[in-house]
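S.K.: This note's numbering applies: residue 9 is where the sequence shown begins, and numbers increase by one. Backbone N, C-alpha and C define an ideal beta-carbon position, used for all residues, glycine too.
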Amino acid sequence: PTTLHGDAIRRKCEQLGLKNYEKHIQEILDTTHTAITKKKYLTEKELEEFIHKIIN
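(1) Cutting at 8 Å between CB atoms, please list the residues of its own chain near E35, excluding the five before and the five after it.
(2) Look at the Cβ atom of I3, then the Cβ atom of L50, and state whether they are nearer than 8 Å.
(3) The alpha helix (DSSP H) with K20 in it runs from where to where?
(4) Run the CB neighbour count on T42, radius 10 Å, all protein chains shown included, and call it buried at 16 or more, exposed below.
(5) Mapping DSSP to helix, strand and coil, what is T51?
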């Protein structure tokens, strides 16, 4: 992805079968925004790794 918003993060968390992710949405958005700013994009795998790292 090159941009993300809260709904996209929620859908990805649901696709990954994660629970109790709601309290982490802003942290995930901040982390991914920083990475996208540096790199211009994230791969799907990188996004999933960020989500897992933050939630777990």
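M.R.: In short:
(1) I62
(2) A query on residue 3 cannot be resolved here, the shown segment of the chain reaching from 9 to 64 and no further.
(3) G14 to Q23
(4) exposed
(5) coil
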